[in-house]
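Shown next, in structure tokens, is the structure this report addresses.
Residue numbers (the numbering used here): 82 to 404.
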């Protein structure tokens, strides 16, 4: 009898413990699924960044590698800590003294900002049309947007050389239609860079915009029309504000890589184009000045990361105030 009582008393506690352990295990697994990719990405971001930052604090040398090693463990732990005295920020001071780097940073930001706005102007109508299209053809339209990724990025940029050069397809078409009397000079200009960036990064703008617009409740537009709101006002008061998450995500996905773009300015912009990506490549491979080029890369990363973090913090504060 006593054994039965003990068993009955232990039964509910054991039954209660099992769901608790199950929830604990499920929570651990769900967190682990998120933690592993972030640890992976953080590791392969921090380690290269630390290596580049360490090189930026060294001095140029005629050797292999072309810089004086600092913070090296070959002399043991004491040698590693004594290497802190060899670190200096001369390369960062040099960046502030040479106008080339400042102009390259400013030009890159301006070109990236203009290209981002042009990509938004082109991509928004495409995403809106895809979101309002019948559900049966949306997968086909989505595939057509992703289709350029099936071809090499370098080949697609080279194709624009054949289109934009003076004897290229575009000038031949315009001349045959008697729209122009002489070939247009588009290649090796900033116009060609804008065309190349907008074409290459257009899917990165369209996809987040499409994701936001597809989820929107279009009955709000119908209600606004019933209340006498003109279509233009309904777009700016309802559609565009609801699509702002996609706009912000698309602009960041285009602006960040466009700032450090190298291939498009080099192939379509010509040798006179001044962008930080080309300057960085020249310092690494032409001048073989790895410390200075590493400093350029570190500053570029900070210029891109810090404003984005501040913007995200401001967005989070705004959302908390709205709640």
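Even for Gly, the Cβ is constructed at its ideal location relative to N, Cα and C.
Check, Outcome
"For residue 135 and residue 151, I'd like the C-alpha separation in whole angstroms.", "7 Å"
"With a Cβ-Cβ cutoff of 8 Å, do residue 278 and residue 342 count as a contact?", "yes"
"Mind the definition here: the segment 326-343 touches the segment 180-194 only if three or more C-beta pairs lie below 8 Å; say whether that holds.", "yes"
"State the CB to CB distance for the pair residue 207 and residue 328, rounded to an integer number of angstroms; the pair is presumed to be in contact (CB under 8 Å).", "Not a contact, Cβ separation roughly 13 Å."
"Please give me, in chain order, every unbroken run of the alpha helix (DSSP H) with length at least 4 that falls completely inside the segment 259-320.", "271-295, 300-307 and 312-315"
"The alpha helix (DSSP H) that contains residue 244, what's its start and end?", "234-245"
"Could you pull the start and end residues of the alpha helix (DSSP H) that residue 200 belongs to?", "180-213"
"Distance, Cα to Cα, residue 97 vs residue 398?", "Bear in mind that a pLDDT of 49 at residue 97, under 50, signals an unreliable position, so the number given afterwards is only what the model happens to contain. Looking at the two C-alpha atoms, the distance is approximately 40 Å."
"Quick check on the burial criterion: 16 or more other C-beta atoms within 10 angstroms. Buried or exposed for residue 406?", "The structure shown does not extend to residue 406, since the chain spans only 82 to 404, so no value can be given for it."
"So what's residue 354 in DSSP terms, helix, strand or just coil?", "coil"
"So residue 253 is in the alpha helix (DSSP H); what residue range does that whole segment cover?", "250-257"
"If we count the other Cβ atoms within 10 Å of its Cβ and call it buried at 16 or more, is residue 131 buried or exposed?", "exposed"
"Sort 386, 255, 249 and 350 by Cα distance to residue 276 and report the nearest one.", "350"
"Suppose contacts are defined by Cβ-Cβ distances below 8 Å. Is residue 359 in contact with residue 372 by that definition?", "no"
"Would you call the segment 311-318 and the segment 217-232 touching, i.e. three or more CB-CB distances under 8 Å?", "no"
"Under 8 Å by Cβ, that's how I've got residue 340 and residue 385 pegged, so tell me the actual separation to the nearest angstrom.", "6 Å"
"For residue 357 and residue 235, I'd like the C-alpha separation in whole angstroms.", "19 Å"
"Which whole-angstrom value is the C-beta distance of residue 380 and residue 176, which I expect to be below 8 Å?", "6 Å"
"Can you name the residues that DSSP bridges to residue 148?", "141"
"Let me confirm a value: residue 145 is counted as buried when at least 16 other C-beta atoms fall within 10 Å, else exposed. Which label applies?", "exposed"
"For the alpha helix (DSSP H) containing residue 219, name the first residue and the last one.", "219-227"
"May I ask which residues mark the beginning and end of the alpha helix (DSSP H) holding residue 347?", "344-349"
"If you run the structure through DSSP and keep just helix, strand and coil, what is residue 398?", "helix"
"If you draw a straight line from the C-alpha of residue 148 to the C-alpha of residue 362, how long is it?", "17 Å"
"Count Cβ pairs between the segment 240-259 and the segment 289-307 that sit closer than 8 Å; are there 3 or more?", "no"
"Please classify residue 220: is it buried, with 16 or more other beta-carbons within 10 angstroms of its beta-carbon, or exposed?", "exposed"
"If you draw a straight line from the C-alpha of residue 24 to the C-alpha of residue 218, how long is it?", "An answer regarding residue 24 cannot be provided, because it is not within the stretch 82 to 404 covered by the chain."
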